[in-house]
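Okay, structure first, notes after.
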Amino acid sequence: MSMERMFDDLEGRFEHLESLDMRAMSDELARAERAQVSLADRFRGAAGRVVRIHLAADLVVEGAIEDSGEEWVRLRPSGEGGIALVPMSRISLVEGLPQRARPVSDTVGRRPYGIGHELRGIARDRSLVRLRTDAGTCHGRLRAVGADALDLRTSPTGEAVRVSAGRDVLVPFSALVLVQVL
Numbered sequence: 062m063s064m065e066r067m068f069d070d071l072e073g074r075f076e077h078l079e080s081l082d083m084r085a086m087s088d089e090l091a092r093a094e095r096a097q098v099s100l101a102d103r104f105r106g107a108a109g110r111v112v113r114i115h116l117a118a119d120l121v122v123e124g125a126i127e128d129s130g131e132e133w134v135r136l137r138p139s140g141e142g143g144i145a146l147v148p149m150s151r152i153s154l155v156e157g158l159p160q161r162a163r164p165v166s167d168t169v170g171r172r173p174y175g176i177g178h179e180l181r182g183i184a185r186d187r188s189l190v191r192l193r194t195d196a197g198t199c200h201g202r203l204r205a206v207g208a209d210a211l212d213l214r215t216s217p218t219g220e221a222v223r224v225s226a227g228r229d230v231l232v233p234f235s236a237l238v239l240v241q242v243l
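Numbers 62 to 243, taken from this note's numbering, label the letters of the sequence shown in order.
Listed below in structure tokens is the structure:
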């Protein structure tokens, strides 16, 4: 083998190894970047997309993603009026959520609001709501929203519920499974 061919062969091997090293580094950087992506980032990246969200106790809500924060996602349910507000901590499984993400830093002029902010908007509008909680279902209007709990004035629905109509109940945010604006 001539010296020139030997150097060409060594150069080819070096370029191949360098290419493998670059690919491994690129894969590692992609994994590290993916590790920084939160569920909220994924919901922000899928605004307008229809998803199915599975919650506790075989409860499923389906709809188009309207908005999301770090603690919640708001859907426009398919074929229904109103909205569905889902606490992130209660989500068991999501169908139809794409891989793309949008970090909160990419959302110009927006601050990541908590679920209390969304609930205060519902209370301000005096909307009729159905709350799905760990204890069961309540219907009524939100009277006040605090830092970690809400007050609900229950109303009659004709359904069997744990709380009688016309009573005020306090519901901690941690007990909320789903808030449906009717």
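Just so you know, even glycine gets a beta-carbon here, dropped at the ideal spot from N, CA and C.
Q.
Under DSSP, the alpha helix (DSSP H) around R228 begins and ends at which residues?
A. If you number the sequence shown from 1, residue 228 lands on position 167. Run containing R228: none; DSSP gives neither H nor E here.
Q. Helix, strand or coil for A236 per DSSP?
A. On the sequence shown, position 175 is the one that residue 236 refers to. In the structure shown, A236 sits in a helix (DSSP, three-state: H, G or I).
Q.
On the criterion of 16 or more Cβ atoms from any shown chain inside 10 Å, does S129 qualify as buried, or is it exposed?
A. Against the sequence shown, residue 129 aligns to sequence position 68. Looking at its Cβ environment, which holds 16 or more other Cβ atoms inside 10 Å, S129 is buried.
Q.
Check this for me: beta carbons of P148 and V122, under 8 Å apart or not?
A. Residue 148 sits at position 87 when you count from the first residue of the sequence shown. Residue 122 sits at position 61 when you count from the first residue of the sequence shown. Going by C-beta atoms, P148 is not nearer than 8 Å to V122.
Q: Would you check whether the ligand NAD has a heavy atom nearer than 7 Å to the C-beta of G73?
A: The ligand NAD is absent from the structure shown, which contains no ligands of any kind.
Q: Assign G197 to buried or exposed, taking buried as 16 or more other Cβ atoms, counted over all protein chains shown, within 10 Å of its Cβ.
A: Against the sequence shown, residue 197 aligns to sequence position 136. Looking at its Cβ environment, which holds fewer than 16 other Cβ atoms inside 10 Å, G197 is exposed.
Q: Flag this pair as yes or no: are the beta carbons of L239 and A145 separated by less than 8 Å?
A: Against the sequence shown, residue 239 aligns to sequence position 178. Against the sequence shown, residue 145 aligns to sequence position 84. Yes. Within cutoff.
Q: Using a threshold of 8 Å, state whether the C-beta atoms of A210 and F234 are closer than that.
A: As a first step, residue 210 must be located in the sequence shown, where it is residue number 149. As a first step, residue 234 must be located in the sequence shown, where it is residue number 173. Taking the C-beta atoms as reference points, F234 is found nearer than 8 Å to A210.
Q) Who pairs with V121 in a beta bridge, going by DSSP? A) One-based indexing of the sequence shown puts residue 121 at position 60. DSSP output for V121 lists H115 as bridge partner(s).
Q.
Here's the rule: buried if 16 or more other CB atoms are within 10 angstroms of the residue's CB, otherwise exposed. What is A162?
A. As a position in the sequence shown, residue 162 is number 101, starting the count at 1. A162 is buried by the Cβ-count criterion.
Q: Take the Cβ of D69 as the centre, count every other Cβ of all protein chains shown within 10 Å, and call the residue buried at 16 or more, exposed below.
A: Counting from one through the sequence shown, the residue named residue 69 turns up at place 8. D69 should be labelled exposed.
Q: Measuring alpha carbon to alpha carbon, tell me which of A117, R66 and S216 ends up nearest L243.
A: Within the sequence shown, the letter at position 182 stands for residue 243. Selected option, being the one with the closest Cα: S216.
(Q) My assumption, with CB atoms under 8 Å, is that V98 sits in contact with G157. Please give the rounded CB distance. (A) Counting from 1 along the sequence shown, the entry for residue 98 is found at position 37. Counting from 1 along the sequence shown, the entry for residue 157 is found at position 96. Their Cβ separation, rounded to whole angstroms, is 17 Å, which puts V98 and G157 out of contact at 8 Å.
**Q.** Inter-residue spacing [alpha-carbon to alpha-carbon] between I152 and A117
**A.** Taking the first residue of the sequence shown as position 1, residue 152 is located at position 91. Taking the first residue of the sequence shown as position 1, residue 117 is located at position 56. Straight-line Cα distance between these residues: approximately 7 Å.
Q) For F75, which of helix, strand or coil comes out of DSSP? A) As a first step, residue 75 must be located in the sequence shown, where it is residue number 14. Helix at F75.
**Q.** Assigned secondary structure, V98 (DSSP; H/G/I helix, E/B strand, else coil)
**A.** Within the sequence shown, residue 98 is the residue found at index 37, counting from 1. Three-state DSSP puts V98 in coil, outside helix and strand.
Q.
Relative to the C-alpha of A236, which candidate in R193, G207 and L203 has its C-alpha closest?
A. Reading the sequence shown from its first residue, position 175 is the one you call residue 236. The shortest Cα separation from A236 among R193, G207 and L203 belongs to R193.
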